[in-house]
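Counting along the sequence shown from 1, when you hit position 302 you're at 1068 in my numbering, and nothing is skipped either side.
Data block below; observations after.
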Amino acid sequence: MYNVARTLQDKIFLVIKGLAMGAANKVPGVSGGIVAFVAGFYEEFIYALQKINTKAFKLLINGRFKSFYMYIHGRFLSLLIFGMLISYFSVSKVLDYFIEQKELYVWAVFFGMIIGSIYYISKDFKHWNAKTILALIFGTAFGVGISLLEPARQNDHLLFVFFCGIISVSGMTLPGLSGSFILILLGNYVLLLVDSVNALYDTFAELLRGDLSFTKNTKRIELLKVLSFFTLGSAVGLVTLSHLLNYVLKHFKHITSAVIMGFIAGSLGVVWPWKETVYKKNATGDFLINSSGERVIENYHRYIPELQNNETWIAVGFIIFGIFIVLALDWYGKRTRKVK
């Protein structure tokens, strides 16, 4: 069904899509699944993931590696995952910098992209009835409800970290449901997507220099252990969720699409550009600090911007730019489909 020959250009763009998914997954409030949905490979992504099943493992155990690779659509998944891995160590670090330096404008771009995504998904949806309208309302309410929850405290217990991996990967499989924002709610965003990833990066850098001193660094070893359990949980979650989503897309496609539209609409509150981070304080008024030395987030204070402020209009310009990015992706998708 999806095992088609790809040109070199297709492969390069697939890696770029992986880069975009990886970057989006790391930003709280933004879902990598939206990138997959808008870029036109969401169903192929879910279909490929659900091929990782008992038959695939039998092929692998029996040493039929080529058959295994073909069965799970290895070329498609490997290019996409390769892009995501590059993103976590490059694009996402650049994104972290801009969020720190120009937070308002970064949120504005993502806000615009989500508005564009809602338009993209809804413009060709012609199946409105009582069931799909209820599904839309449910998805929106769920998305808004998540944005109003308060974050928990950091927990580095390995079973909880494994659970975080299963839950957080929902951002890749469910457009509009941000895995990184869920990690903030679970209290483990800094631990799992900042500290542990940086620990892996530093470890690779030291290995390339032939430096094995990290083996005596207790904190580094603990962070690498945490990252391994998080990665394992993510893999389990990705495969199990993909099987569930493949089933509902096959049997309840229109209702599922309506729920996804609701998720995406509900997530607008999470990425509202004009907000300030509220940090937790103790009884004496001092900021609570987690084990990584970061302030513990309590919630986000959202406000209406002042229209006479030049910064506001620049942010509005970035919102329009975000919408344009999605429309450009839509145009590119239509163009490539016509060529094929």
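We treat Cβ as the ideally placed atom computed from N, Cα and C, and that holds for glycine.
**Study point:** DSSP state of residue 777 mapped onto helix, strand, coil
**Key:** Secondary structure at residue 777: helix, using DSSP grouped into helix, strand and coil.
Point to revise | Distance between residue 908 and residue 899 (C-alpha atoms, nearest Å) | key: Roughly 14 Å between the two C-alpha positions.
Check your understanding: Rounded C-beta distance between residue 992 and residue 922? I'm assuming under 8 Å.
Key -> 6 Å between Cβ atoms; contact.
Check your understanding: Would residue 812 pass as a contact of residue 1027 if the rule is Cβ separation under 8 Å?
Key -> No, these two residues do not count as a Cβ contact at 8 Å.
**Study point:** residue 951 to residue 981 span [Cα, whole Å]
**Key:** Spanning the two alpha carbons is a distance of roughly 32 Å.
Practice item. Determine the DSSP secondary structure at residue 893, reduced to helix, strand or coil. Key: Residue state, collapsed to three classes: coil.
Review point. Secondary structure at residue 877, three-state DSSP: helix, strand or coil?
Key: It is helical.
Check your understanding: How big is the Cα-Cα spacing for residue 1093 and residue 944?
Key -> In a straight line, the C-alpha of residue 1093 is about 21 Å away from that of residue 944.
Exercise for review: For residue 856, count neighbouring C-beta atoms within 10 Å of its own C-beta (all shown protein chains included) and say buried if the count is 16 or more, exposed if not.
Suggested key: It is exposed - the Cβ of residue 856 has fewer than 16 other Cβ atoms within 10 Å.
Check your understanding: If you draw a straight line from the C-alpha of residue 891 to the C-alpha of residue 948, how long is it?
Key -> About 28 Å.
Exercise for review: Indicate whether the contact test is met: 3 or more Cβ pairs, each with one atom in the segment 810-825 and one in the segment 1000-1016, closer than 8 Å.
Suggested key: Contact between the segment 810-825 and the segment 1000-1016 is present, because at least three Cβ pairs lie under 8 Å.
Review point. Using the C-alpha atoms, what's the distance from residue 959 back to residue 1080?
Key: Straight-line Cα distance between these residues: approximately 30 Å.
Exercise for review: Pull up the DSSP beta-bridge partners for residue 960, would you.
Suggested key: As far as DSSP is concerned, residue 960 takes part in no beta bridge.
Review point. How should residue 860 be labelled, buried or exposed, when 16 other C-beta atoms within 10 angstroms of its C-beta is the threshold for buried?
Key: It is exposed - the Cβ of residue 860 has fewer than 16 other Cβ atoms within 10 Å.
Exercise for review: Measure the alpha-carbon distance for residue 804 versus residue 885 and round it to whole angstroms.
Suggested key: Spanning the alpha carbons of residue 804 and residue 885 requires a straight line of approximately 10 Å.
Review point. Going by the CB atoms, is the gap between residue 1046 and residue 1054 shorter than 8 Å?
Key: In contact: residue 1054 and residue 1046 (Cβ atoms closer than 8 Å).
Check your understanding: Looking only at DSSP bridge pairs, what is residue 1021 linked to?
Key -> Residue pairing by DSSP places residue 1021 opposite no residue, since no beta bridge is assigned to it.
Review point. Are the CB atoms of residue 1116 and residue 995 nearer to each other than 8 Å?
Key: In the structure displayed, the chain extends from 767 to 1106; residue 1116 sits before or after that span and is not available.
Review point. So, helix, strand or coil for residue 807, using DSSP?
Key: Residue 807 falls in the coil class under three-state DSSP.
Check your understanding: Quick one: what does DSSP say residue 1091 is sitting in, helix, strand or coil?
Key -> Look at residue 1091 here: in three-state DSSP terms it is helix.
Check your understanding: Hey, quick one: how far does the alpha helix (DSSP H) through residue 820 stretch, first residue to last?
Key -> Secondary structure note for residue 820: its alpha helix (DSSP H) is the uninterrupted segment 820-827.
Check your understanding: Whole-angstrom Cβ separation of residue 848 and residue 781, contact assumed at under 8 Å?
Key -> Yes, they are in contact, since the Cβ atoms of residue 848 and residue 781 sit about 6 Å apart, within 8 Å.
Point to revise | Proximity winner among 930, 775, 1034, relative to residue 882 (alpha-carbon distances) | key: Selection 930, 775, 1034 evaluated against residue 882 yields 1034 as nearest (Cα-Cα).
**Study point:** Buried or exposed by the 16-neighbour rule on C-beta atoms within 10 Å, applied to residue 871
**Key:** Counting other Cβ atoms within 10 Å of its Cβ, residue 871 reaches 16 or more and is therefore classed as buried.
Check your understanding: DSSP puts residue 1055 in a beta bridge; with which residues?
Key -> 1061, per the DSSP bridge assignment.
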